[in-house]
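Trainee: All residue numbers in the sequence shown are consecutive under this note's numbering, ending with 987.
Note that beta-carbon positions come from the ideal geometry of N, C-alpha and C, so glycine has one too.
To start, I am sharing the structure in question, which I have written as structure tokens.
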Amino acid sequence: MESTGNNPPGQNQTSLVEFILLGFSDVHDFQGFLFGVFLIIYIIILLGNSLIIIITKADPSLQTPMYFFLGNFSFSEICYVSVVIPRLLRDLCRQDRSISFMACATQMYFFLILGVTECFILTAMAYDRYVAICNPLLYPLIMNSRLCLQLALGCWTSGVPVHIGFTYWIFSLPFCGHKQLNHFFCDIPPVLALVCGNTFMIEMVIYVIALIVVTIPFMLILGSYLKIILTIVKLPSASGRAKAFSTCSSHLMVVALFFGSGIVTYLRPKSSHSPRTDKFLSLFYTIVTPMFNPMIYCLRNKDVMLALKKFLLKWIVL
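Below you can see the structure in the form of structure tokens.
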């Protein structure tokens, strides 16, 4: 996170009413091309995740806790990308890239809270796999519908109060006269770059929050999968081991993509921050990863693939 403590002491502080999202204005000749690429990606994300939600609700074979959480994750993905991509598409086809102070704060809040929700849902999915493989006889008793609903509710609501206060704190800081955000949405690093004075305290809070909502869930997932792997290798049959690995591999790939990009973005040293690097990483975890997630679950999970084929065949026949 870039500190702005080197701002001149005499620089005027101002009450900003809007920011300018520079986005990809430095590649002006490619605005139309980028618009087409991001629009296609957005459609793929919406269709892919919507299909997963539909088949996990409609197919009786997918009425299990694992696919209940997968449906929640797919819905959160749709919300997550919809906070960023529609605004990006709008800015790519308009000269006016201004965003109001309140709209910027709202975008940041929903982006953060939905990101935290995805972290927690992925953690709940890892716990589900842990119980299913390490305690199969107790699985129906432990992962009952009541616990699943409680876990899902906790995933969606637990980060709300923290991020309301955190977002309010950021946008209560004094901003200097410069109002150009060198980014394509209101993320933390570019907004903090416009703050007057020292931002050390809030940077420390960001690291603590990132540790709680990103690093700790990631370590819990790794711990769960360490026990899962140790259990799988002890299974007597090769087919049993293959089936157990297949139910976990898709989730592990999504975890690696999502948490890997998030940890690199928010926990890497300040010295490695630059607007170009931040934009590239942001593209990866806000657009590229959500595009691949439905593909990973469909291609790497035989149950989802079979349910998808049945669903598509049913609609083709109709």
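Would you tell me roughly how many angstroms separate the C-alpha atoms of Thr-792 and Tyr-799, rounded to the nearest one?
Mentor: About 11 Å.
Trainee: Who are Val-864's beta bridge partners in DSSP?
Mentor: Per DSSP, Phe-844.
Trainee: Start and end of the beta strand (DSSP E) containing Leu-716?
Mentor: No beta strand (DSSP E) holds Leu-716; the alpha helix (DSSP H) holding it covers 700-727.
Trainee: Within 10 angstroms of the Cβ of Asn-718, are there 16 or more other Cβ atoms? Answer buried if so, exposed if not.
Mentor: By the 10 Å Cβ count, Asn-718 comes out buried.
Trainee: Shortest alpha-carbon distance to Tyr-808 belongs to which of Met-964, Phe-744 and Met-735?
Mentor: The candidate whose alpha carbon is nearest that of Tyr-808 is Met-735.
Trainee: In this structure, how does DSSP classify Gln-682 when only helix, strand and coil are distinguished?
Mentor: Low local confidence applies: a pLDDT of 49 at Gln-682 is under 50, so the model's placement there is unreliable, and no value is given.
Trainee: Suppose the cutoff is 8 Å on Cβ atoms and the five residues either side in sequence are ignored; what does the same chain contact list for Leu-977 look like?
Mentor: If we look at Leu-977 and ignore the five residues flanking it on each side, its Cβ neighbours are Leu-720, Ile-724 and Cys-967.
Trainee: Over the uninterrupted alpha helix (DSSP H) stretch that includes Ile-790, give me the two end residues.
Mentor: Unbroken alpha helix (DSSP H) run through Ile-790: 770-803.
Trainee: With a threshold of 8 Å, are at least 3 pairs of Cβ atoms found where one atom belongs to the segment 945-961 and the other to the segment 915-929?
Mentor: Yes: the two stretches touch, three or more of their Cβ pairs being nearer than 8 Å.
Trainee: Comparing C-alpha positions only, which one of Ile-689, Leu-716, Tyr-711 and Pro-944 sits nearest to Asp-765?
Mentor: Nearest C-alpha to Asp-765: Ile-689.
Trainee: Given 8 Å as the limit, is there contact between the segment 878-897 and the segment 845-853, that is, 3 or more CB pairs closer than that?
Mentor: The segment 878-897 vs the segment 845-853: no contact.
Trainee: Leaving out five residues on either side along the sequence, give the residues of the same chain with a beta carbon under 8 Å from the beta carbon of Phe-744.
Mentor: Same-chain partners within the cutoff: Asn-718 and Ile-722.
Trainee: If you run the structure through DSSP and keep just helix, strand and coil, what is Phe-928?
Mentor: Three-state DSSP puts Phe-928 in a helix.
Trainee: Excluding five sequence neighbours on each side, which residues of the same chain lie with their C-beta closer than 6 Å to the C-beta of Met-777?
Mentor: Within the same chain, Met-777 has close Cβ partners Thr-836 and Cys-855.
Trainee: Under DSSP, the beta strand (DSSP E) around Leu-690 begins and ends at which residues?
Mentor: Run containing Leu-690: 687-690, per the beta strand (DSSP E) assignment.
Trainee: Can you tell me which of the three DSSP states Lys-979 falls into?
Mentor: Here Lys-979 sits in helix by DSSP.
Trainee: Could you check how far apart the C-beta atoms of Lys-979 and Asp-760 are, in whole angstroms? I think they sit under 8 Å.
Mentor: 41 Å between Cβ atoms; not a contact.
Trainee: Specify the secondary structure class of Leu-850 as computed by DSSP and reduced to three states.
Mentor: Residue state, collapsed to three classes: strand.
Trainee: Assuming Tyr-894 contacts Cys-917 (C-beta within less than 8 Å), just tell me the rounded distance between them.
Mentor: Correct: roughly 7 Å between the Cβ atoms.
Trainee: Mark Ile-782 as exposed unless 16 or more other C-beta atoms lie within 10 angstroms of its C-beta, in which case mark it buried.
Mentor: Ile-782 is buried by the Cβ-count criterion.
Trainee: Based on Cα-Cα distance, which residue from Ser-906, Ile-857 and Ala-795 lies nearest to Met-888?
Mentor: Answer by Cα proximity: Ala-795.
Trainee: Could you tell me the boundaries of the alpha helix (DSSP H) in which Val-874 lies?
Mentor: Residues 869-879.
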